[in-house]
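Protein chains in written order, with this note's numbering: chain A, 110 to 225; chain B, 24 to 137.
C-beta atoms are modelled at their ideal positions from N, C-alpha and C, and glycine is treated no differently.
The structure under discussion appears below in the form of structure tokens.
So, in structure tokens, the structure goes:
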């Protein structure tokens with residue numbers, strides 16, 4: 110009964126390939142996120158969806174495309190993978206708040222992407 | 024605009040001694056503040072959060088943090104470190120100007136020595 114689950118846990122692929130990471134949450138949250146954690150452990154938000162609507166879209170190459178089929182799922186598709194895409198990608202979810210802040214995130218265990 | 028600074032990238036303590044992980048923040052509004060812990064090969068787990076209620080916040084696993092507006096600090100403490108506390112700790116700030124974005128600190132690696 111994992112709260113936020115993402116697959117795969119590890120992903121090793123060659124430059125130029127296209128890959129997808131899937132995320133599902135069973136917490137009843139209406140907002141989901143993708144974060145990228147680099148080799149120095151720095152976390153940066155990439156995207157956020159609220160009820161299937163994109164609400165945060167940071168400066169991310171358009172090779173990255175999120176898709177939210179419903180509010181419990183948020184997938185990340187990456188085209189033409191590059192060496193610099195190697196990182197750990199975390200999915201997270203939270204409740205929407207009227208104030209727009211203050212709601213803690215629940216994280217998945219991450220997907221370690223290695224591009225060779 | 025919001026930002027957060029974790030003053031130590033690495034902290035090392037002996038088991039059974041107190042833990043202090045320092046965090047300073049900057050926010051244009053009254054912020055919400057969080058501490059998260061990340062164990063190796065795991066996602067981040069919420070330790071505690073401050074959202075304008077009591078300034079001393081108690082979290083899981085014996086951790087607590089005190090919000091000090093005058094010092095713009097939100098330091099994390101624990102009276103007695105356990106080996107299982109060894110992990111990466113992140114201080115996080117969010118304010119109503121942030122459009123639901125959280126700003127993460129750069130992390131503090133806590134090592135607990137036997």
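Proximity winner among the options, relative to residue i (alpha-carbon distances)
| i | options | result |
| --- | --- | --- |
| residue 108 of chain B | B:133, B:102 and B:34 | B:133 |
| residue 127 of chain A | A:218, A:191 and A:212 | A:191 |
| residue 164 of chain A | A:149, A:152 and A:143 | A:143 |
| residue 125 of chain A | A:197, A:154, A:198 and A:187 | A:187 |
| residue 30 of chain B | B:99, B:110 and B:124 | B:99 |
| residue 114 of chain B | B:63, B:45, B:78 and B:137 | B:45 |
| residue 177 of chain A | A:215, A:168, A:122 and A:129 | A:129 |
| residue 90 of chain B | B:103, B:102 and B:56 | B:56 |
| residue 218 of chain A | A:197, A:203 and A:148 | A:197 |
| residue 136 of chain B | B:66, B:33 and B:37 | B:37 |
| residue 213 of chain A | A:140, A:133 and A:172 | A:140 |
Buried versus exposed call for residue i [16 or more other C-beta atoms within 10 Å across all chains shown]
| i | result |
| --- | --- |
| residue 117 of chain B | buried |
| residue 226 of chain A | An answer regarding residue 226 of chain A cannot be provided, because it is not within the stretch 110 to 225 covered by chain A. |
| residue 162 of chain A | exposed |
| residue 73 of chain B | buried |
| residue 154 of chain A | buried |
| residue 77 of chain B | exposed |
| residue 121 of chain A | exposed |
| residue 215 of chain A | buried |
| residue 24 of chain B | exposed |
Where residue i falls: helix, strand or coil (DSSP)
| i | result |
| --- | --- |
| residue 147 of chain A | coil |
| residue 214 of chain A | coil |
| residue 202 of chain A | strand |
| residue 179 of chain A | strand |
| residue 171 of chain A | coil |
| residue 37 of chain B | strand |
| residue 190 of chain A | coil |
| residue 26 of chain B | strand |
| residue 107 of chain B | helix |
According to DSSP, residues forming a beta bridge with residue i
| i | result |
| --- | --- |
| residue 159 of chain A | A:140 and A:162 |
| residue 133 of chain A | A:114 and A:182 |
| residue 86 of chain B | Answer by DSSP bridge pairing: none, since residue 86 of chain B is not bridged. |
| residue 79 of chain B | B:89 |
| residue 132 of chain B | B:33 and B:111 |
Span of the beta strand (DSSP E), counted from its first residue to its last, around residue i
| i | result |
| --- | --- |
| residue 47 of chain B | 46-49 |
| residue 55 of chain B | 55-61 |
| residue 68 of chain B | 67-73 |
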